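In what follows, a single structure is set out as structure tokens and then discussed.
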Amino acid sequence: MRVVDLRSDTVTLPTPEMRRAMYEAEVGDDVYREDPTINRLEELAAHMTGKEAGLFVTSGTMGNQVAAMVHTQKSDEIICEAESHIYYYEVGGLACLSGAQPRPIAAKHGILTPELIRGAIRNPSDVHVPRTGLICLENTHNRAGGTVYPMDVLAGIKALAKEYGIPVHMDGARIFNAAVALKKDVREIAQHADTVQLCLSKGLGAPRSGFTAGRTARTY
Ligand SMILES: Cc1ncc(COP(=O)(O)O)c(C=O)c1O
């Protein structure tokens, strides 16, 4: 009897072709940028997301946390959805690693709107409040059951973020699912975020892995 294991999309395993490709992969010293396989993977991630560069990391959690650390300063506030992975499941990493305070906002089906975010952005002229340093969106949203951000909502959030000079990070662990659902290119979705984290371990069979793609320097 063939059993399809639906506990999680992370239980997917590499196919024999993938295992062969891993075995035969050219490797080298990553510090000297001499691992041609990693270099190609990072270039591919950057190309697919339309970003300047990609960074291979060992997990989606690491990709999210690296992005938050890049975007924020200590004591910043990070707007995120109340059930989002970066807030709910990452062991308090935003507080511990970035020294930032999450501002979780409960949103219907996990989809933050420009209106909800506008209401949470701090007044920069009030010395008593933290600086809003980052807006995080999860697309698709895991705990909401795989909900997808509509393109116009993403565009509205990006416009709002630009108005306030706040960067946007997208936890796109399942951005390929969003691309299929929306019938859009990944880069069309990713254009509304400054950095994107994506996983090859969710439904795609890789044992572990994440990518963060974005600009090589912060230039907001
Ligand atoms: C939306 C989302 N972001 C990030 C992650 C973290 O990925 P990893 O388990 O590779 O750290 C997950 C894992 O399930 C996830 O669902």
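Each residue of the sequence shown is one higher than the one before, starting from 79 at the first, in this note's numbering. Cβ coordinates follow ideal geometry from the N, Cα and C atoms, glycine included. All figures in this text were calculated on a predicted structure; none of them were measured in a lab.
First through last residue of the beta strand (DSSP E) which encompasses residue i
| i | result |
| --- | --- |
| E241 | Segment M229 to Y242 is the alpha helix (DSSP H) holding E241; no beta strand (DSSP E) there. |
| G138 | No beta strand (DSSP E) contains G138, which is instead part of the alpha helix (DSSP H) from G138 to H149. |
| V258 | Careful: V258 lies outside any beta strand (DSSP E), inside the alpha helix (DSSP H) at I253 to L260. |
Length of the line joining the Cα atoms of residue i and residue j
| i | j | result |
| --- | --- | --- |
| L190 | A271 | 14 Å |
| A291 | D263 | 15 Å |
| T297 | L212 | Residue placement at T297 is flagged as unreliable, the pLDDT there being 42, under the threshold of 50; the coordinate-derived value follows with that caveat. C-alpha separation (whole angstroms): 14 Å. |
| V258 | R265 | 12 Å |
| T90 | G283 | 5 Å |
| V226 | L215 | 10 Å |
| L238 | G197 | 11 Å |
| K129 | R293 | 6 Å |
| F134 | S176 | 20 Å |
| P92 | A233 | 36 Å |
| A123 | F289 | 7 Å |
Bridge partners - residue i, DSSP secondary structure assignment
| i | result |
| --- | --- |
| M248 | L215 and V274 |
| C158 | P182 |
| D288 | The displayed chain sequence assigns Gly, not Asp, to residue 288. DSSP output for G288 lists V135 and C277 as bridge partner(s). |
Boundaries of the alpha helix (DSSP H) in which residue i is found, first to last residue
| i | result |
| --- | --- |
| P114 | P114 to T127 |
| R85 | Note, R85: premise wrong, no alpha helix (DSSP H); not H, not E. |
| L194 | P192 to A198 |
| E95 | P94 to E102 |
| A268 | V264 to A268 |
| H187 | Counting along the chain, H187 falls outside any alpha helix (DSSP H), and DSSP gives it neither H nor E. |
| H163 | H163 to Y166 |
Beta-carbon proximity of residue i to residue j, cut-off 7 Å
| i | j | result |
| --- | --- | --- |
| T210 | I195 | no |
| G250 | N217 | yes |
| R286 | S86 | no |
| T115 | S279 | no |
| G188 | E159 | yes |
| P208 | Q179 | yes |
| I235 | P192 | yes |
| E168 | T139 | yes |
Selection from the options that minimises the alpha carbon distance to residue i
| i | options | result |
| --- | --- | --- |
| C277 | K240, T150, Y242 and N220 | N220 |
| N25 | V246, A239 and A184 | Outside the modelled stretch of the chain, which goes from 79 to 298, sits residue 25, for which no answer is possible. |
| R181 | I156, E168 and N201 | I156 |
| G281 | I253, A268, P114 and L119 | I253 |
| A145 | I267, M100, Q269 and M248 | M248 |
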